[in-house]
Structure formats: C-alpha cells, structure tokens
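So the protein lines, in turn, are chains A and B. Quick note on this note's numbering: the first sequence kicks off at 1 and runs consecutively. Quick note on this note's numbering: the second sequence kicks off at 113 and runs consecutively. Written below as structure tokens is the structure these notes are about.
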Amino acid sequence: KNQVEQSPQSLIILEGKNCTLQCNYTVSPFSNLRWYKQDTGRGPVSLTIMTFSENTKSNGRYTATLDADTKQSSLHITASQLSDSASYICVVRGNAGNMLTFGGGTRLMVKP
Amino acid sequence: GAVVSQHPSRVICKSGTSVKIECRSLDFQATTMFWYRQFPKQSLMLMATSNEGSKATYEQGVEKDKFLINHASLTLSTLTVTSAHPEDSSFYICSASASGLETQYFGPGTRLLVL
Numbered sequence: 001k002n003q004v005e006q007s008p009q010s011l012i013i014l015e016g017k018n019c020t021l022q023c024n025y026t027v028s029p030f031s032n033l034r035w036y037k038q039d040t041g042r043g044p045v046s047l048t049i050m051t052f053s054e055n056t057k058s059n060g061r062y063t064a065t066l067d068a069d070t071k072q073s074s075l076h077i078t079a080s081q082l083s084d085s086a087s088y089i090c091v092v093r094g095n096a097g098n099m100l101t102f103g104g105g106t107r108l109m110v111k112p
Numbered sequence: 113g114a115v116v117s118q119h120p121s122r123v124i125c126k127s128g129t130s131v132k133i134e135c136r137s138l139d140f141q142a143t144t145m146f147w148y149r150q151f152p153k154q155s156l157m158l159m160a161t162s163n164e165g166s167k168a169t170y171e172q173g174v175e176k177d178k179f180l181i182n183h184a185s186l187t188l189s190t191l192t193v194t195s196a197h198p199e200d201s202s203f204y205i206c207s208a209s210a211s212g213l214e215t216q217y218f219g220p221g222t223r224l225l226v227l
C-alpha cells in the first residue's frame, strides 16, 4: 500500500531559527515528490517538486532533499519567519496514473 | 503557475439543504479535475476524479448520490453536496490538471459549515 509518513506532526520554533521536516514514502513506482505549504483555510501551494534524479532543490529559504534509494525527503527552512507558520504537506506521485499520496502534514508554528 | 479558483470561499447552510461549489481553471483547459475533503488537522482526502464530459470516478466510501459532480466544460467543475448534514462540514478543495497525467493545481478551498 502506498503511504507517505511525515514527521514531526507539529513543531514550534522561534523566529529566525532553522528547521527540518521529514517525509518517508513507500510509493512505488515513483514519479515525483512535492512539498506544499498550506496556510490555514487556504489551498496547498507548491514549494518544490523533485524527480527521481534530483537530490536537492531550493526555492528561496526552502531547500528540499530527496534520497530515492531510502525513499526519504526533507524540507529545510532557513531563517524562519512568522509567515512560515502553516502546514507543510509532502505529496508523492506514482507512475500509475495521476494518483497522489498525501502525507499527514507537519504543522509548523513560528513564534516571535 | 496555473490559477484555479473556487466559489464560494465559505458557505453556511441549514441541515437538509443542498450546496453547490464551483471550481474553475482560469488560464488553462482542465481535462481532469479532482475534489478533495479536508477535516481539521488532517490531510487532504480524495473524494472523486472527474474528466470533462464523462461521469466522475468516486473513491471508496464516498456516496456519489450525495456528492454530485459535474464537469461540463474544460474550465468548470461543480460539486453539489445534497441534503447536507452537520457531519458534511469540512474544507473542500478542488484541483485541476491539463490532462490526467499532468501537474495538479489546487484551488483555495471552500469552507462548508452545516448547521
């Protein structure tokens, strides 16, 4: 069964600090992995997309890594800001059709 | 990226009434649209997949007669929650894809509260 597990479930950090969110998946065959940011009461917004051959991809203060061998991904947020408070969702797409497997998300709260 | 809109953004209705939610792709033709439901502090759960001009495919456990989906054009899909009950209160999110295998672009969501 395709699964995506995220950790931690929730995280509180101080403004300006860095943090790393984890995503482990069992989706096979694998097509790509996206990290989304979802603000409360809003739809998900894509931060990064990574394919099998990509190890690291950055988008501003967000850096995603992918280890396709161990089926793990991480999202590193540098110099956190209050506006980073949101849920971060790891979504894996398999090669079979367009079905997406969603992780449970990590709820990040950045405090001043 | 592509823009997907939803209307209304939030709706409150009485139990037993029906509510229609619209999902529009504003700058591309979406042959496939997806409807998700999200309960508080949970991730998105796929309800159904609809292809333009054909019947929607519902996920296991989702009542097709309760959640009516229409995808009559390449830019519009609607979800109608019929005879809504308080347990239908949730955040409904649509996504649109240019084809069944292309990237899904998510709408901003619709918050439904059934009293």
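Built from N, CA and C at the ideal position, the CB exists for glycine as well.
Where residue i falls: helix, strand or coil (DSSP)
{"i": "Ser83/A", "result": "helix"}
{"i": "Glu116/A", "result": "Outside the displayed range of chain A (1 to 112) lies residue 116/A, so it cannot be described from this structure."}
{"i": "Glu15/A", "result": "coil"}
{"i": "Asp67/A", "result": "strand"}
{"i": "Glu134/B", "result": "strand"}
First through last residue of the beta strand (DSSP E) which encompasses residue i
{"i": "Tyr187/B", "result": "In the sequence on display, residue 187/B carries Thr and not Tyr. Thr187/B -> no beta strand (DSSP E), and no H or E assigned at all."}
{"i": "Val228/B", "result": "Shown here, chain B extends from 113 to 227; a query on residue 228/B therefore has no answer."}
{"i": "Phe146/B", "result": "Thr144 to Gln150"}
{"i": "Leu75/A", "result": "Gln72 to Ile77"}
{"i": "Arg34/A", "result": "Phe30 to Gln38"}
{"i": "Ser207/B", "result": "Ser202 to Ser209"}
{"i": "Phe102/A", "result": "Leu100 to Phe102"}
{"i": "Lys111/A", "result": "Thr106 to Lys111"}
{"i": "Thr51/A", "result": "Val45 to Thr51"}
{"i": "Val174/B", "result": "No beta strand (DSSP E) holds Val174/B; DSSP gives it neither H nor E."}
{"i": "Arg122/B", "result": "Arg122 to Cys125"}
{"i": "Thr102/B", "result": "No information on residue 102/B is available, as it lies outside the stretch 113 to 227 that chain B covers here."}
Short CB-CB distance (under 9 angstroms) between residue i and chain D
{"i": "Gly221/B", "result": "Protein chains in the displayed structure are A and B, and chain D is not among them."}
Residue i Cβ short of 8 angstroms to the ligand ZN heavy atom set
{"i": "His119/B", "result": "With respect to small molecules bound, the structure shown includes none, and the ligand ZN cannot be examined in it."}
Checklist entry - Which residues, in order along the region 149-167 of chain B, keep a beta-carbon less than 9 angstroms from a beta-carbon of chain A? => result Listed by position, the residues of the region 149-167 of chain B near chain A (Cβ gap below 9 angstroms) are Gln150, Lys153, Gln154, Ser155, Leu156, Met157, Leu158 and Thr161.
Checklist entry - Counting Cβ pairs, one atom from each stretch, are 3 or more of them under 8 angstroms apart for the region 45-62 of chain A and the region 122-130 of chain B? => result Result no; under three Cβ-Cβ pairs closer than 8 angstroms.
Next on the checklist: With three or more C-beta pairs closer than 8 angstroms as the rule, is the region 154-167 of chain B touching the region 98-105 of chain A?
Outcome noted: The region 98-105 of chain A vs the region 154-167 of chain B: in contact.
Item to check | Contact residues within the region 40-53 of chain A, judged by C-beta distance below 9 angstroms to chain B | outcome: For the region 40-53 of chain A, the set of residues with a beta-carbon nearer than 9 angstroms to any beta-carbon of chain B comprises Gly41, Arg42, Gly43, Pro44, Val45, Ser46 and Ile49, in chain order.
Checklist entry - Got a sec: which bits of the region 82-93 of chain A sit with their beta carbon under 7 angstroms from any beta carbon on chain B, in order along the chain? => result From the region 82-93 of chain A, only Ile89 have a Cβ closer than 7 angstroms to chain B.
Next on the checklist: Could you check whether the region 77-93 of chain A touches the region 129-143 of chain B, counting it as contact only if at least three pairs of C-beta atoms, one from each stretch, sit closer than 8 angstroms?
Outcome noted: Counting Cβ pairs under 8 angstroms, fewer than three are found: no touch.
Checklist entry - So does the region 67-78 of chain A actually touch the region 20-40 of chain A, counting three or more Cβ pairs closer than 8 angstroms? => result The region 67-78 of chain A and the region 20-40 of chain A touch, with no fewer than 3 CB-CB distances between them shorter than 8 angstroms.
Checklist entry - Name the residues in the region 15-31 of chain A whose C-beta lies less than 8 angstroms from a C-beta of chain B; which are they? => result Per Cβ criterion, the list is empty.
Next on the checklist: Short of 9 angstroms Cβ to Cβ, which residues in the region 199-216 of chain B face chain A?
Outcome noted: Per Cβ criterion, the list reads Phe203, Ile205, Cys206, Ser207, Ser209, Ser211, Gly212, Leu213, Glu214, Thr215 and Gln216.
Item to check | Near-chain B residues of the region 100-112 of chain A (beta-carbon distance less than 9 angstroms), N- to C-terminal order | outcome: Answer in chain order: Leu100, Phe102, Gly103, Gly104, Gly105 and Arg107.
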